[in-house]
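Undergrad: Dropping a structure here in structure tokens format, bear with me for questions.
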Amino acid sequence: MKTLVILTGHSRGLGEALAHELLACGCSVIGLSRKAMARPPVAPQGLRFDQVCIDLSDPPALEKLLEDDCLRWPLRQADRAVLIHNAGLLSPVALVGEQSQTELIQSVGVNVTAALLLANWFVGASQGCADRRLVQVSSGAARSAYAGWSVYCATKAALDHHARALALEAALPHAPSSGLRICSLAPGIIDTDMQAQVRATELAAFPMRAKFDELKASGGLASPQDVAKRLVAHLFSEGFGREPVADLRSIG
Ligand SMILES: NC(=O)c1ccc[n+]([C@@H]2O[C@H](COP(=O)([O-])OP(=O)(O)OC[C@H]3O[C@@H](n4cnc5c(N)ncnc54)[C@H](OP(=O)(O)O)[C@@H]3O)[C@@H](O)[C@H]2O)c1
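Throughout the sequence shown, residue numbering follows my numbering, covering 25 to 276 in sequence.
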């Protein structure tokens with residue numbers, strides 16, 4: 025079976041680990057990030073690994089990419105089509121009233137606008153493919169509120185609710201998404217640049233910071249490689265998409 029995965033935010037962190045794991049599991053991968061991966065993996069024979077440099081907070085640039093054949097064409101060749109929207113921005117980490125408007129706009133652009141544009145495109149472009157799966161990389165912050173993270177919490181909650189609505193559509197025989205499996209998945213707390221950013225925040229802007237300092241100090245952060253293994257195992261399991269909103273930490 026030919027599986028093609030379109031993976032955003034593949035250049036570092038969880039996305040980089042996912043790219044390696046997906047290739048190891050026999051998938052072809054197209055990665056979308058602003059920067060190309062510094063040391064790209066060599067795709068095993070018969071698979072492809074391509075990188076597209078794009079700023080996902082720029083909707084016209086994304087629209088242009090989605091009109092291009094460079095994503096649509098490989099999708100048409102696949103027996104199994106997967107979209108993983110993993111790119112995400114935590115910033116602005118600031119109290120409401122003190123947030124950078126630029127950061128706020130970028131965050132909504134990457135975390136929500138790009139996610140919804142990609143999902144809409146993917147559902148349309150993958151029609152005819154019998155096995156279609158979509159992962160929105162969400163966060164525990166979608167489900168628990170944190171002072172200082174209002175934009176992050178709101179954008180990740182938007183992904184969860186979009187997934188719930190899309191799952192209802194996917195059950196309709198006449199919908200373009202009919203048969204699609206979707207999950208907005210919180211991955212757990214992972215030792216990446218994003219966590220370094222959390223620990224670099226001033227306490228006044230993020231009063232819960234001590235919890236994350238403590239997790240790092242006690243070795244309580246998951247490795248990107250471990251999370252990627254578990255995420256990919258879940259993605260290709262029978263149970264994937266049974267719940268449109270899930271937490272990887274509570275999946276076997
Ligand atoms: N780390 C955690 O503890 C944690 C916990 C819960 C959920 N998550 C979620 O897991 C996902 C991955 O997080 P991570 O920790 O791996 O983050 P990370 O280390 O900060 O990496 C973020 C990725 O997103 C890409 N990205 C950021 N802005 C972009 C833009 N404007 N256009 C295109 N790509 C962009 C980055 O690539 P470029 O810089 O090259 O563009 C990078 O590949 C995120 O959605 C995050 O919200 C993480």
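We put the beta carbon where it would ideally sit given N, CA and C, even for glycine.
(1) Any heavy atom of ligand 1 inside 6 Å of the beta-carbon of I108?
(2) Is the CB-CB distance between L204 and A194 below 7 Å?
(3) Less than 8 Å between C-beta atoms, sequence neighbours within five positions excluded: which residues of the same chain meet that for V120?
(4) Closest to R58 by C-alpha separation, out of L47, G39, R273, would be which residue?
(5) Identify whether Q151 lies in helix, strand or coil by the three-state DSSP scheme.
(6) Give me whichever residues DSSP pairs with I108 in a beta bridge.
(7) Tell me the DSSP secondary structure of A246 in three-state form.
(8) Any heavy atom of ligand 1 closer than 6 Å to the Cβ of P211?
(9) Which one of I275, V134, Q75 has the shortest CA to CA distance from L160?
(10) Rounded to a whole number of angstroms, what is the C-alpha to C-alpha distance between I129 and G263?
(11) Can you tell me the Cα-Cα spacing of P84 and N144, whole angstroms?
(12) What do you get for E238, buried or exposed, if any count of 16 or more other CB atoms within 10 angstroms of its CB means buried?
(13) Applying the criterion that 16 or more other CB atoms from any shown protein chain within 10 Å of the CB defines a buried residue, is C94 buried or exposed?
(14) Could you pull the start and end residues of the beta strand (DSSP E) that R223 belongs to?
(15) Quick test of your reading: D103 and K26, contact by CB under 8 Å. State the CB separation rounded to the nearest angstrom.
(16) Can you have a look at P197 and say buried or exposed, based on whether 16 or more other CB atoms are within 10 angstroms of its CB?
(17) Should P68 go down as buried or exposed, given a rule of 16 or more other Cβ atoms within 10 Å for buried?
(18) Would you call R156 buried or exposed, if buried means 16 or more other Cβ atoms sit within 10 Å of its Cβ?
(19) For T126, does the count of other Cβ atoms within 10 angstroms reach 16, so buried, or fall short, so exposed?
(20) Let's test the definition: count the other Cβ atoms within 10 Å of the Cβ of G243 and tell me whether it reaches 16, buried, or not, exposed.
(21) Tell me the DSSP secondary structure of D82 in three-state form.
(22) Can you tell me which of R223, V222, T137 puts its alpha carbon nearest to the alpha carbon of L183?
TA: Result, derived from the coordinates:
(1) no
(2) yes
(3) S174, listed in sequence order.
(4) G39
(5) coil
(6) L31, V159
(7) strand
(8) Yes; taking the cut-off as 6 Å, the Cβ of P211 has a heavy atom of ligand 1 nearer than that.
(9) Checking the sequence, you will find Gln at residue 160 rather than Leu. The residue with the shortest Cα to Cα distance from Q160 is V134.
(10) 35 Å
(11) 15 Å
(12) exposed
(13) exposed
(14) If you look at R223, you'll find it isn't in any beta strand (DSSP E); it sits in the alpha helix (DSSP H) that goes 217-223.
(15) 5 Å
(16) exposed
(17) exposed
(18) buried
(19) exposed
(20) exposed
(21) coil
(22) Checked all of R223, V222, T137; the closest Cα to L183 is T137.
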